[in-house]
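Those protein sequences? They're chains A and B, same order as listed.
Numbered by UniProt numbering, the letters in the first sequence go through residues 1 to 153 in order.
Numbered by UniProt numbering, the letters in the second sequence go through residues 1 to 153 in order.
Protein chains: 2
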Amino acid sequence: MYRIGELAALYDIKADTLRFYEKHGLLSPSSRSDSGYRLYNQDDSERLKFILRAKAVGFSLNDIADLLSIEVDKSNRACAEVKGLVDTKLEQVEAKLAELQHFATSLKSLSNTCCGGPDSAEHCSILEALESSDQHIIAKKEQHHFSHSGHKD
Amino acid sequence: MYRIGELAALYDIKADTLRFYEKHGLLSPSSRSDSGYRLYNQDDSERLKFILRAKAVGFSLNDIADLLSIEVDKSNRACAEVKGLVDTKLEQVEAKLAELQHFATSLKSLSNTCCGGPDSAEHCSILEALESSDQHIIAKKEQHHFSHSGHKD
DNA sequence: ATAAACCTTGGAGTTTAATCCAAGGTCAAG
DNA sequence: CTTGACCTTGGATTAAACTCCAAGGTTTAT
Ligand SMILES: [Zn+2]
Ligand SMILES: [Zn+2]
Ligand SMILES: [Zn+2]
Ligand SMILES: [Zn+2]
Chain A
1 MYRIGELAAL YDIKADTLRF YEKHGLLSPS SRSDSGYRLY NQDDSERLKF
51 ILRAKAVGFS LNDIADLLSI EVDKSNRACA EVKGLVDTKL EQVEAKLAEL
101 QHFATSLKSL SNTCCGGPDS AEHCSILEAL ESSDQHIIAK KEQHHFSHSG
151 HKD
Chain B
1 MYRIGELAAL YDIKADTLRF YEKHGLLSPS SRSDSGYRLY NQDDSERLKF
51 ILRAKAVGFS LNDIADLLSI EVDKSNRACA EVKGLVDTKL EQVEAKLAEL
101 QHFATSLKSL SNTCCGGPDS AEHCSILEAL ESSDQHIIAK KEQHHFSHSG
151 HKD
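In structure tokens, the structure reads:
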């Protein structure tokens, strides 16, 4: 059993955040002490881990609440429905994954166009790309800024 | 040349959002009409595309402003420094990518544990996982909820 | 038995990223 | 030459997700 401060410390968040999650129906402590202190058990802790991981990958608390609260109506829902909800989230994750991969590729080629040398960035191809039409340069792979006239690479 | 409403329509955002980005130093129109209307050119449009893509993958506007505004001090910075900043962002993207992949894997095995059938989700393994220690079930791949006693799969 | 370090509640304040509003100026069409 | 769709500014409001505060109760350690 963890008190609120202990659980918060365990995940490096604030106790306030846990109270906030409780108020918004994401995570309630499974019990309270005689004096009213919140007491979280291992299941609560695992649930928090799930919430934080979902949050870390860009789900809103509302998204997460949807996902976690399917169970309220449990007996009136079919497995198909539940699985559908998870699969919808999965599709969203995969879409985000694709975007992120695209962006990583852009950044990688942006990085590749630059010599990374110690001289002035006056004619740095990264800056040239960011100032105006990045797509132009980002689209060309392995360019290694040949156009760089300000200094030798 | 696009007026504010045109550019906004092009990217399916509000004109207000463009004014907001301008106020926060992310994107200024390259010119104004005689009457003071904002006029955006193709470079502005490409820059907006970059901003929106960065935003879509989870960068805050501050992150994006950092990335876009390296150029202010251009001549006093070395290529190494500029490249370093891009590489730092790239590392962040790759970290996020890894988290997202982890999460997708979790969701996939969560989905796999469920039969997806038309019967009551009373004993649905997805719900069982979400109610308590998800990690337990999420860790086991290809489980296909054998423990499902509520109905046949 | 009295600090120090925790916890309780309710409510206010903060940040981010818009989004809306009011009062007015501009422009093309009929 | 007026109507309607657009634009301008500054300022207010929203929503999400915290974060902080005040006034007080509890626990633990000396
Ligand atoms: Zn260089
Ligand atoms: Zn460079
Ligand atoms: Zn089933
Ligand atoms: Zn199921």
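Every residue gets a Cβ at the ideal spot worked out from N, C-alpha and C, and that includes glycine.
One question on the structure: do S120(B) and S31(A) come within less than 8 Å of each other, judged by their Cβ atoms?
no
Name, going along the chain, the residues of the UniProt domain "HTH merR-type" (1 to 70) of chain A whose beta-carbon falls closer than 8 Å to a beta-carbon of chain B.
Q42, D43, E46, R47, K49, F50, R53, A54, A56, V57, G58, L67, L68 and I70
As a quick exercise: from Y21(B), Q101(B), A56(B) and N112(B), pick the residue whose alpha carbon is nearest that of C79(A).
N112(B)
Need the endpoints of the alpha helix (DSSP H) that L27(B) sits in, please.
Neither: L27(B) is in no alpha helix (DSSP H) and is coded neither H nor E.
Starting from C79(B), follow the alpha helix (DSSP H) in both directions and report where the run begins and ends.
C79 to N112
Out of curiosity, what's the CA-to-CA distance linking E22(B) and T105(B)?
Rounded to the nearest angstrom, the two C-alpha atoms are 39 Å apart.
For S35(A), is the classification buried or exposed, using 16 other Cβ atoms within 10 angstroms of its Cβ as the cut-off for buried?
exposed
Going by DSSP in three states, R38(A) sits in which element: helix, strand or coil?
strand
Distance, Cα to Cα, L67(A) vs K108(B)?
14 Å
Is it right to say S147(B) is buried, meaning 16 or more other beta carbons lie within 10 angstroms of its own, or is it exposed?
For S147(B), the pLDDT reaches just 37, beneath the cut-off of 50, and the residue's location in the model is therefore unreliable, although a value from the coordinates is still provided. With fewer than 16 Cβ atoms within 10 Å of its Cβ, S147(B) is classed as exposed.
Anything in chain A within Cβ reach of S120(B), meaning under 9 Å, just list it in chain order.
K74, S75, N76, R77, A78 and C79
If contact means a Cβ-Cβ distance below 8 Å, which residues of the segment 100 to 131 of chain A contact chain B?
Contact residues of the segment 100 to 131 of chain A toward chain B are L100, Q101, H102, F103, A104, S106, L107, K108, L110, S111, C114, C115, G116, G117, P118, D119, S120, A121, E122, C124, I126, L127, L130 and E131 (C-beta to C-beta distance below 8 Å).
Compute the minimum distance between the beta carbon of A129(B) and the heavy atoms of ligand 4, and state whether it is under 7 Å.
no
Suppose contacts are defined by Cβ-Cβ distances below 8 Å. Is I4(A) in contact with L27(A) by that definition?
no
In chain order, what residues of the same chain have a beta carbon less than 7 Å from the beta carbon of C124(B), not counting five sequence neighbours either side?
C114
Can you tell me which residues form a DSSP beta bridge with S120(A)?
In DSSP, S120(A) forms a bridge with A78(B).
For F59(A), which residues from the same chain have a beta carbon less than 6 Å from its beta carbon, with the 5 sequence-adjacent residues on both sides left out?
none
Considering only heavy atoms of ligand 2 and the C-beta of each residue, which residues fall inside 5 Å, strictly closer?
C114(A), C124(A) and C79(B)
Where do the ends of the alpha helix (DSSP H) carrying I13(A) lie?
That residue, I13(A), is in no alpha helix (DSSP H); it is neither H nor E in DSSP.
Note down, in chain order, each residue of its chain lying with its Cβ closer than 8 Å to the Cβ of K49(B), except the 5 sequence neighbours on either side.
Listed in chain order, the non-local C-beta contacts of K49(B) below 8 Å within the same chain comprise Y11, local neighbours out to five positions each way being set aside.
Is G117(B) a contact residue of ligand 3, with contact defined as CB to any heavy atom under 7 Å?
yes
Nearest to A8(A) by CA position, among L90(A), K89(A), D44(A) and A65(A), is which residue?
D44(A)
Determine the extent of the alpha helix (DSSP H) in which D63(A) is found, giving its start and end residues.
Residues L61 to L68.
Between E122(B), K83(B) and F103(B), which lies nearest to A129(A) when the distance is taken from Cα to Cα?
Residue K83(B) is the option with its Cα nearest to A129(A).
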